[in-house]
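In our numbering, the protein residues as written are 37 to 273.
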């Protein structure tokens, strides 16, 4: 029974695959045949794109607070806006400032700034005045030092003359005792000796006075320098 069913099916299959006889026209007209375009293959890179849902989040967040209190004068960004931060170098210094977020107005700080500027101007004036005072003190020190040296030179001169008149007075006294010279010459010699002693004492007094003035002027110079340094230190603060 099975053999009978297989044979008819095979017969139909072979009949369907039988080629057309030679010289017979195809059953489908040429006008109805599809047009085919032939393209040459080219070597290229296959790029595939796909769209996927995603979300971008910052890897770091920072809260921005004003260092000083004041009034908001201008606002350049709002909540949720993207902002550009500063750029940093390898050593940690800022190479480019970040985006300006807002401008604050602080009248109290502006007033304080103006006061500080006025104080700085006053300090500069005091420094200039102190420098002038130092210059004057230096001139006084130089002057008193010259006076001191001059007084010392005078003392040395009169001391030498005093020694000479002392020796001369002893010699004249000895001659007057033997009536070799008159008493008038002896008296004149003693008078010159006393005058030289007085001049020597006066020169020594001038030395002491010059020394005192020199110490005073030196102290004033030291004070002027200290005052100048104090004012300069206040300016640095």
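Where a beta carbon is used, it is the ideal one built from N, C-alpha and C, also for glycine. As the structure is a computational prediction, the values presented were derived from the model and not from experiment.
- In the structure shown, the three-state DSSP call for residue 214 is coil.
- Fewer than three Cβ pairs drawn from the region 68-83 and the region 94-109 lie within less than 8 angstroms of each other, which leaves the two stretches out of contact.
- CA-CA distance, residue 159 to residue 113, rounds to 42 angstroms.
- For the pair residue 109 and residue 141, the CB atoms are nearer than the 8 angstroms cut-off.
- Between the alpha carbons of residue 212 and residue 220 lies a gap of roughly 9 angstroms.
- Residue 151 and residue 111 have their alpha carbons spaced roughly 28 angstroms apart.
- In terms of Cβ geometry, residue 242 and residue 190 form a close pair [threshold 8 angstroms].
- Going by DSSP, residue 243 is part of the alpha helix (DSSP H) stretching over 219-272.
- For a cut-off of 8 angstroms, the C-beta gap from residue 236 to residue 198 is around 5 angstroms, short enough to register as a contact.
- Under the rule that a run must span 4 or more residues, no alpha helix (DSSP H) segment is found entirely inside the region 100-174.
- Between the alpha carbons of residue 249 and residue 232 lies a gap of roughly 25 angstroms.
- Spanning the alpha carbons of residue 177 and residue 183 requires a straight line of approximately 10 angstroms.
- The alpha-carbon separation between residue 260 and residue 188 amounts to approximately 28 angstroms.
- Closest option to residue 105, judged by alpha-carbon separation, among 269, 145 and 125: 145.
- Between residue 174 and residue 257 a beta carbon distance of about 6 angstroms is seen, short of the 8 angstroms cut, so the two are scored as contacting.
- Between residue 121 and residue 134, the C-beta spacing is below 8 angstroms.
- Of the residues assessed, residue 124 falls on the exposed side of the cut-off, its CB having fewer than 16 other CB atoms within 10 angstroms.
- Here the alpha carbon of residue 82 sits roughly 19 angstroms from the alpha carbon of residue 88.
- Looking at the backbone, the Cα of residue 85 and that of residue 91 are separated by about 18 angstroms.
- DSSP, reduced to helix, strand and coil, places residue 202 within a helical segment of the structure shown.
- Residue 208 is a Cβ neighbour of residue 222, given a cutoff of 8 angstroms.
- Distances from the CA of residue 196 to each of 215, 180 and 229 were compared; the closest alpha carbon is that of 229.
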